[in-house]
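A quick write-up on the structure given underneath.
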Ligand code: HEM
């Protein structure tokens, strides 16, 4: 059966590119989150998050081809993520999601996943 993936339904690469680019514009200005990112250039981090989300939602598997199994909890261990960091991450994501102006049911599915995923990566009490 031909099933339309979420990746295809939202409009493919371009939509993920806009989402993650807008998100990192927020991170770049955030005094709590910016210091967590080890590299001066946020471009490579932007590429990784975009490839991951594309893969997660049924698009090309470039993320795992380059990075292997996602193991997101393990990969976030080096960074202190408490409630405040989760909320800041989600605030920038919310702005980025809003600007996509997706159909309501796609937006709801995306937002539900992002909030759940962000919560699951908390690794440190405030
Ligand atoms: C990597 C912070 C939530 C997906 C990173 C990095 C930081 C970070 C500092 C390293 C940047 C890099 O060099 O790639 C945070 C914080 C979060 C959060 C503070 C707040 C809860 C999430 C969520 C997702 C995610 C919810 C997925 C939906 C990723 C991915 C990478 C990454 C895919 C790259 C992993 C790799 O291949 O090395 N994150 N993150 N993060 N994050 Fe997060």
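Numbering (the UniProt record's numbering), first residue to last: 2 to 127. The beta carbon of each residue, even a glycine, is placed where N, CA and C say it ideally should be. All values derive from a computational prediction rather than experimental measurement.
Fill in: C-beta contact flag for residue 68 and residue 49 at 8 Å
yes
Worksheet entry | Distance, residue 8 Cα to residue 60 Cα | 6 Å
Item to complete: Give a yes or no on whether the C-beta atoms belonging to residue 29 and residue 35 are separated by under 8 Å.
Response: yes
Worksheet item: How is residue 80 classed by DSSP in three states: helix, strand or coil?
Response: coil
Fill in: For residue 64, the nearest candidate out of 51, 111, 76 and 75 (CA to CA)
51
Discussion item. Taking its Cβ as the centre, do 16 or more other Cβ atoms sit within 10 Å of residue 84, making it buried, or is it exposed?
Written reply: exposed
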